[in-house]
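In full-length UniProt numbering, the protein residues as written are 1 to 386.
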């Protein structure tokens, strides 16, 4: 009985706790993120849907059907249409976001006794016939279960494993052979233009969350081009905004080197070309994280600027309060300021002195503005640890 084994090639993209491979029998099954699927599989970028693909068997062949909203790429060159039933060939690869799955068709397993012990109701996530230890344990257990009245020749002929009671020079072993894996050729399946346009319109409507049932193919194509143009404009704006923020961060740190030496500044960078390349490589998760991180940095910068300006304004207002000036004049030993005219002239001289004192301005900037700015940046970053 033919069986289908799907194996994850790039295991670093696979989430911890998920099985690396799965065996499907003729009963088939579903693979996806849901715990109800026969093969529960999750990737790091959350590209795999709850029910991503269905495996079925018909006419002595296995078929794979895309039942997701994110799509499946066959052999790296062709996208499987949603709901389309594709025949699985030995060596085919299926890309689901960052995961690459390789198909392996295996024939019936040769066992000597108790074949029901090697069957199961559903697939199991190992290549059991490739495990020499499991094969030795199976043959060893079958040796004790063999009939005592059977002849030695029957036991010899019925055993396909290694008999521990036979010397190695008399044991007949099958030598392993290296079989080259055939390279799958890119296959092009005919598809009507109406089906392709309808499928594209449906996926575009789901991505934009709008109803496009009354939109024809020409308008849909024009909308897609306009969306791509606006997306490029948005990414360019994020790139320029990140560059401006980095320059402001450098200027804030250079205002007072002694205070800025201990301040950690994260350089925010957005590369429009890199984001588009990631989308072309179907790595939408990394592109989404980069865009979200840039927007979050912009919001944090705006909130921190507002907090710093408020702190500096409050400090300046407090510094020029009448009570504070009165205390300062008493500290300077000028108790003769009794009249309003004397106080006004003293205030004018005090303001002129502060205007010519760059150190006071620098202290006001570093002590109040930068302190409030850093506190709000750290507070916002604690809300988004990742």
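Note that the Cβ used here is the ideal one computed from N, Cα and C, for glycine as well. Only a predicted model underlies this, so the values are computations on that prediction, with no experimental measurement involved.
Nearest-angstrom Cα separation, counted from residue j out to residue i
{"i": "residue 229", "j": "residue 360", "result": "50 angstroms"}
{"i": "residue 379", "j": "residue 311", "result": "16 angstroms"}
{"i": "residue 75", "j": "residue 60", "result": "22 angstroms"}
{"i": "residue 248", "j": "residue 313", "result": "20 angstroms"}
{"i": "residue 197", "j": "residue 303", "result": "45 angstroms"}
{"i": "residue 220", "j": "residue 275", "result": "24 angstroms"}
{"i": "residue 351", "j": "residue 357", "result": "10 angstroms"}
{"i": "residue 199", "j": "residue 242", "result": "37 angstroms"}
{"i": "residue 110", "j": "residue 91", "result": "Here residue 110 scores only 42 on pLDDT, less than 50, and its place in the model is too uncertain to base an answer on."}
{"i": "residue 348", "j": "residue 306", "result": "30 angstroms"}
{"i": "residue 176", "j": "residue 1", "result": "23 angstroms"}
{"i": "residue 251", "j": "residue 234", "result": "26 angstroms"}
{"i": "residue 107", "j": "residue 214", "result": "50 angstroms"}
{"i": "residue 324", "j": "residue 353", "result": "16 angstroms"}
{"i": "residue 204", "j": "residue 224", "result": "8 angstroms"}
{"i": "residue 99", "j": "residue 38", "result": "18 angstroms"}
{"i": "residue 141", "j": "residue 22", "result": "Low confidence applies here, because residue 141 scores a pLDDT of 44, under 50, leaving its location unreliable and the question unanswered by this model."}
{"i": "residue 317", "j": "residue 280", "result": "55 angstroms"}
{"i": "residue 321", "j": "residue 376", "result": "27 angstroms"}
{"i": "residue 216", "j": "residue 308", "result": "52 angstroms"}
{"i": "residue 222", "j": "residue 355", "result": "60 angstroms"}
{"i": "residue 83", "j": "residue 28", "result": "16 angstroms"}
{"i": "residue 101", "j": "residue 236", "result": "35 angstroms"}
{"i": "residue 209", "j": "residue 227", "result": "13 angstroms"}
{"i": "residue 240", "j": "residue 36", "result": "46 angstroms"}
Cβ-Cβ separation, residue j to residue i (assumed contact under 8 angstroms), whole Å
{"i": "residue 48", "j": "residue 96", "result": "5 angstroms"}
{"i": "residue 232", "j": "residue 207", "result": "That belief does not hold up - the Cβ atoms of residue 232 and residue 207 are roughly 16 angstroms apart, past 8 angstroms."}
{"i": "residue 26", "j": "residue 57", "result": "4 angstroms"}
{"i": "residue 296", "j": "residue 373", "result": "Not really, about 16 angstroms apart at Cβ, beyond 8 angstroms."}
{"i": "residue 284", "j": "residue 45", "result": "7 angstroms"}
Where residue i falls: helix, strand or coil (DSSP)
{"i": "residue 18", "result": "coil"}
{"i": "residue 177", "result": "coil"}
{"i": "residue 94", "result": "strand"}
{"i": "residue 183", "result": "coil"}
{"i": "residue 273", "result": "helix"}
{"i": "residue 308", "result": "helix"}
{"i": "residue 48", "result": "coil"}
{"i": "residue 374", "result": "helix"}
{"i": "residue 215", "result": "coil"}
{"i": "residue 152", "result": "Any reading at residue 152 must be qualified, since the residue scores a pLDDT of 45, below 50, and its modelled position is unreliable; the value itself is stated next. Helix."}
{"i": "residue 210", "result": "coil"}
{"i": "residue 113", "result": "Residue placement at residue 113 is poorly supported in this model, since its pLDDT is 38, which falls under 50; the coordinates still yield a value, given next. Residue state, collapsed to three classes: coil."}
{"i": "residue 295", "result": "helix"}
{"i": "residue 282", "result": "coil"}
{"i": "residue 368", "result": "helix"}
{"i": "residue 320", "result": "coil"}
{"i": "residue 314", "result": "helix"}
{"i": "residue 356", "result": "coil"}
{"i": "residue 288", "result": "helix"}
{"i": "residue 69", "result": "coil"}
Bridge partners - residue i, DSSP secondary structure assignment
{"i": "residue 62", "result": "57"}
{"i": "residue 78", "result": "74"}
{"i": "residue 348", "result": "Per DSSP, none; premise fails for residue 348."}
{"i": "residue 40", "result": "32"}
{"i": "residue 103", "result": "6"}
{"i": "residue 24", "result": "4"}
{"i": "residue 87", "result": "63"}
Residue i at chain C interface by Cβ criterion, 8 angstroms
{"i": "residue 222", "result": "The chain labelled as chain C is not found in the depicted structure, where only one protein chain is given."}
Cβ shell of residue i (< 8 angstroms), same chain only, five flanking positions each side left out
{"i": "residue 20", "result": "7, 8, 11, 14 and 125"}
{"i": "residue 183", "result": "91"}
Close beta carbons around residue i, own chain, < 6 angstroms, minus the five adjacent residues each side
{"i": "residue 54", "result": "30, 65 and 67"}
{"i": "residue 62", "result": "4 and 88"}
{"i": "residue 278", "result": "286 and 287"}
{"i": "residue 370", "result": "none"}
{"i": "residue 50", "result": "32, 33 and 34"}
{"i": "residue 80", "result": "66, 72, 74 and 86"}
{"i": "residue 212", "result": "201 and 205"}
{"i": "residue 381", "result": "none"}
{"i": "residue 93", "result": "75, 100 and 102"}
Beta-carbon proximity list for residue i, same chain, < 7 angstroms, skipping 5 on both sides
{"i": "residue 42", "result": "15, 18, 33 and 48"}
{"i": "residue 282", "result": "73, 95 and 97"}
{"i": "residue 301", "result": "245"}
{"i": "residue 345", "result": "none"}
{"i": "residue 104", "result": "5, 7 and 90"}
{"i": "residue 69", "result": "49 and 206"}
{"i": "residue 299", "result": "none"}
{"i": "residue 181", "result": "91"}
{"i": "residue 315", "result": "364 and 368"}
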